[in-house]
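Peer 1: Residue numbers (my numbering), protein chains in the order written: chain A, 1 to 361; chain B, 1001 to 1361.
We put the beta carbon where it would ideally sit given N, CA and C, even for glycine.
Just dropping this structure here.
2 protein chains.
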Amino acid sequence: VSPTAPSSSSESRAGGRGRLVLAEIAEQPVVAERLVTAAGSSDGELQRVARAVREAAPRMVLLTARGTSDHAALYAKYLVEVQLGLPAGLTSTSTLTVYGARPDLRGVLWVSVSQSGGSPDLVESTAAARRAGALTLAVTNNAASPLAQAAELHLDVLAGPELAVAATKSYTAQLLTLWLLVQAWRGASLQPAAALPELLATAVATDDVDAVAARYRFVDRLVLTGRGFSYPTAREAALKLMETSYLSAMAFSAADLMHGPLAMVDADRPVVVVVPEGPGGQALVPVLDALRDRGADVCAVAPGGLAPHATVRLALPSGMPEDLAPVVQIVPLQRLAAHMALARGLDPDSPRGLRKVTETR
Amino acid sequence: VSPTAPSSSSESRAGGRGRLVLAEIAEQPVVAERLVTAAGSSDGELQRVARAVREAAPRMVLLTARGTSDHAALYAKYLVEVQLGLPAGLTSTSTLTVYGARPDLRGVLWVSVSQSGGSPDLVESTAAARRAGALTLAVTNNAASPLAQAAELHLDVLAGPELAVAATKSYTAQLLTLWLLVQAWRGASLQPAAALPELLATAVATDDVDAVAARYRFVDRLVLTGRGFSYPTAREAALKLMETSYLSAMAFSAADLMHGPLAMVDADRPVVVVVPEGPGGQALVPVLDALRDRGADVCAVAPGGLAPHATVRLALPSGMPEDLAPVVQIVPLQRLAAHMALARGLDPDSPRGLRKVTETR
């Protein structure tokens, strides 16, 4: 698998704008192949970390992250709850850093996820968690980072330097790394991941993104939704659209959408629904019906055959296991965000007011 | 304390629209007084539940809820982490109901928060948590509800029948009930809550809401933010604005806002910042500076003296402990949501497409 060339007209029209983010989106098949290959080594980092975690036999998992990495952490929460049968929670960093809480974290696996490994609040809260008795694991794209140093264990997501402010390849690398960790931890096969490089290569080259970007050229408010494993995809896609096109892109789990925000949805506010094969996709059927009743303009990110009444589609391949599908699902949405920014004359490589490493305390 | 009459011009202009929600907002001082009085009884429900929880000595707390109640659960998460030193997490209901996960929940206190106690997914996941070994507590506004029956323990938030679709008095009643529970559990004084009925009576009667509602009459996109204890307030205010005025109201913790969404903020997208006295408010100072640098139109919900550069203000009383302030903070924002709906000719009592009890699975 090699990086796929930009496929569509708006990508070639852009005159250098979006060059970084489009190249990093296209790199994702190579990054996945790198991770799958490394995971196959029985004395590699993944297997060593999985052994250490298994021996510690944590009774729960706490995940901490910000921004894009927080969506990878949310994905890991579903994996831990569903596949390991352990309770899991996303931490509120401020309880440790702002309020100085000193909880008893013995028996807890504390997982900090960060592309750069540089945000001071993550470093500080991870160090505090370690002092409070947690087994700490950092998942970063930089083994030399302060966060990697602060934690007892480290997993490198092997995405290579990421230069665009909007994270793309580091996100799918985080998802895949966390999936591989959970499988190695519970002794499950890593084999399903072998198909990913090919599936990602297809996803970075499909030509249906342009039509959706064109349809939504003048949209400034958008709702995104998913359920279970596909909910982090909706959240991450919303963040990409906010960062690169300054849209009011609001993500809800489909169940939460029905508890209030549905009132906002009308024919002028498109809804992007991420529909996987499996129980999560089935749980979305009544939600798709409710959206249809409201006359919503629905964009389905789904394999063919699912969500048949959607107005427009971003096609996903069939046959992916639902727990692994998020690695591929986000790709057309990353591309949509970049294309929508380009269509608006914006440069998705350098959103106003943002830097690559955000320092919060 | 008795319910305060509607104070402002848009409330008296509305010709019946918003009658229910405005009456329920005005009832909040009475509800708080009812809860504080009941909590004073040493053989009351609160003390009995607190004793049962203390005896069980849970090693962690999992909270489950949807919509407005989810924001009360998020508030409780901060209380548990900061004041009890226990890890806490918000559950993803779908892992139990959609994916059939059967985690080991021995040693876990499972708290389900719901106004109606009627949503099937909460009932089902609470029953599953009980079978999985958790001590289960339902916090509802209906002691006869299926959720109250499904859990071993129950706390009634004593808000009385809530008729408006947009929850208001049940929210502050949930916050106060959860605060009282955590204090009784850890053996802390309940005395700070005695001031609430008076503070709430002031908050439902201040006249600064109209000016803000007028300023934002034609706004359709809004960002809300807070940090720590005030973050649930921002989330709940966003939901109220979405439900009643169909705004794209997006809430972020202030730390998350800096990791990407800040790019969206410009002079045309007002930012509501909830600034309490205490460490959470101090952590917002650099965020307020960043918003000022971007030329944002900032509405501060804050005691006088904090956030001095805000464009407009909704004043809060001084001297509230930060952990209890959210009970009062939300009131001017509930009123703002109702007034903005009225100013747009909408009826905040009956948002389109919503019913009072949402059934999700």
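By Cβ distance, which residues of its chain are closer than 6 Å to Leu222 of chain A, with the 5 residues on each side in sequence left out?
Peer 2: In its chain, beyond the 5 residues on either side, Leu247, Ala249, Pro270 have a beta carbon closer than 6 Å to the beta carbon of Leu222 of chain A.
Peer 1: Which value, in whole angstroms, describes the spacing of the CA atoms of Val1123 of chain B and Leu1147 of chain B?
Peer 2: Whole-angstrom Cα-Cα distance: 5 Å.
Peer 1: If you count every other CB in all the chains shown that lies within 10 Å of the CB of Phe218 of chain A, and 16 or more means buried, which is it?
Peer 2: exposed
Peer 1: Look up Thr168 of chain A in the DSSP assignment and say whether it is helix, strand or coil.
Peer 2: coil
Peer 1: Give a single yes or no on whether Val98 of chain A has its beta carbon closer than 6 Å to a heavy atom of the ligand ATP.
Peer 2: You won't find the ligand ATP in this model; it holds no ligand whatsoever.
Peer 1: Looking at the structure shown, is Pro1058 of chain B part of a helix, part of a strand, or coil, going by DSSP?
Peer 2: coil
Peer 1: Within the continuous beta strand (DSSP E) that includes Met250 of chain A, where are the two ends?
Peer 2: 248-253
Peer 1: For Leu1288 of chain B and Ala267 of chain A, what's the separation of their Cα atoms in angstroms?
Peer 2: 35 Å
Peer 1: Is Leu178 of chain A close to chain B? Criterion is C-beta to C-beta, closer than 7 Å.
Peer 2: No, because no Cβ of chain B sits closer than 7 Å to the Cβ of Leu178 of chain A.
Peer 1: Okay, do the segment 1250-1262 of chain B and the segment 1228-1239 of chain B touch, 3+ Cβ pairs below 8 Å being the bar?
Peer 2: yes
Peer 1: Going along chain A in order, which residues have a C-beta closer than 7 Å to the C-beta of Lys1077 of chain B?
Peer 2: Ser92
Peer 1: Looking at the secondary structure, which residues open and close the alpha helix (DSSP H) in which Leu241 of chain A lies?
Peer 2: Per DSSP, Leu241 of chain A belongs to the alpha helix (DSSP H) from 231-245.
Peer 1: Tell me the DSSP secondary structure of Ser1112 of chain B in three-state form.
Peer 2: The three-state secondary structure of Ser1112 of chain B, taken from DSSP, is strand.
Peer 1: To test your reading of the DSSP string, which unbroken beta strand (DSSP E) runs of 3 or more residues are found completely within the segment 1025-1078 of chain B?
Peer 2: 1060-1064
Peer 1: Quick check on the burial criterion: 16 or more other C-beta atoms within 10 angstroms. Buried or exposed for Pro161 of chain A?
Peer 2: By the neighbour-count definition (other C-beta atoms within 10 Å, threshold 16), Pro161 of chain A is an exposed residue.
Peer 1: DSSP on Gly89 of chain A, reduced to helix/strand/coil?
Peer 2: strand
Peer 1: Which bits of chain B does Tyr246 of chain A rub up against, with CB to CB less than 8 Å?
Peer 2: Ala1263, Met1264, Asp1266
Peer 1: Less than 7 Å between the beta carbons of Thr64 of chain A and Thr91 of chain A, yes or no?
Peer 2: yes
Peer 1: Pro351 of chain A versus chain B: which residues are under 7 Å apart at the beta carbon?
Peer 2: Ala1263
Peer 1: Between B:Lys1077, B:Ser1094, B:Thr1093, which lies nearest to Pro1087 of chain B when the distance is taken from Cα to Cα?
Peer 2: B:Lys1077
Peer 1: Can you list the residues of chain A that Leu1354 of chain B reaches, using a CB-CB cut of under 8 Å?
Peer 2: Gly260, Leu262, Ala263
Peer 1: Within 10 Å of its beta-carbon, does Leu1158 of chain B have 16 or more other beta-carbons around it, so buried, or fewer, so exposed?
Peer 2: With 16 or more other Cβ atoms within 10 Å, it is buried.
Peer 1: Using the Cβ count rule (16 or more neighbours within 10 Å means buried), how would you classify Ser1350 of chain B?
Peer 2: buried
Peer 1: Based on Cα-Cα distance, which residue from B:Leu1084, B:Ala1194, B:Asp1156 lies nearest to Ala1143 of chain B?
Peer 2: The candidate whose alpha carbon is nearest that of Ala1143 of chain B is B:Asp1156.
Peer 1: Could you tell me which chain B residues have their CB closer than 7 Å to the CB of Thr311 of chain A, listed as they occur along the chain?
Peer 2: Simply none; closest approach about 19 Å.
Peer 1: Going by the beta-carbon positions, is the gap between Arg215 of chain A and Val312 of chain A smaller than 7 Å?
Peer 2: Inclusion of Arg215 of chain A and Val312 of chain A in the CB contact set at 7 Å is warranted, their separation being smaller than that value.
Peer 1: By DSSP's criteria, Leu1137 of chain B is part of a beta bridge. Which residues make up the other side?
Peer 2: B:Val1111, B:Leu1153
Peer 1: Less than 8 Å between C-beta atoms, sequence neighbours within five positions excluded: which residues of the same chain meet that for Leu1367 of chain B?
Peer 2: The structure shown has nothing for residue 1367 of chain B, since chain B only spans 1001 to 1361.
Peer 1: Say whether chain A places a C-beta atom closer than 7 Å to the C-beta of Gly1018 of chain B.
Peer 2: no
Peer 1: Near Ala193 of chain A, what residues of its chain come up, given a Cβ to Cβ distance below 6 Å and the 5 sequence neighbours on each side ignored?
Peer 2: Val36
Peer 1: Give me the subset of the segment 1139-1157 of chain B whose CB atoms are less than 7 Å from a CB atom of chain A, sorted by chain position.
Peer 2: none
Peer 1: Rounded to a whole number of angstroms, what is the C-alpha to C-alpha distance between Ala1005 of chain B and Pro1197 of chain B?
Peer 2: For Ala1005 of chain B, the predicted model reports a pLDDT of 44, less than 50, meaning its position is unreliable; a value from the coordinates is still stated below. Taking the straight line joining both Cα atoms gives about 15 Å.
Peer 1: By Cβ distance below 7 Å, which residues in the same chain neighbour Asp1220 of chain B in space, the five residues on each side in sequence not counted?
Peer 2: Leu1247, Ser1248
Peer 1: According to DSSP, Ala1302 of chain B sits in a beta bridge with which residue or residues?
Peer 2: B:Ala1315
Peer 1: Have a look at the DSSP bridge pairing and note the partners of Gly226 of chain A.
Peer 2: The partner list for Gly226 of chain A (beta bridge, DSSP) reads A:Ser253.
Peer 1: Would you say Tyr383 of chain A faces chain B, with C-beta separation under 7 Å as the test?
Peer 2: This structure does not reach residue 383 of chain A, given that chain A is present from 1 up to 361, and the question cannot be answered.
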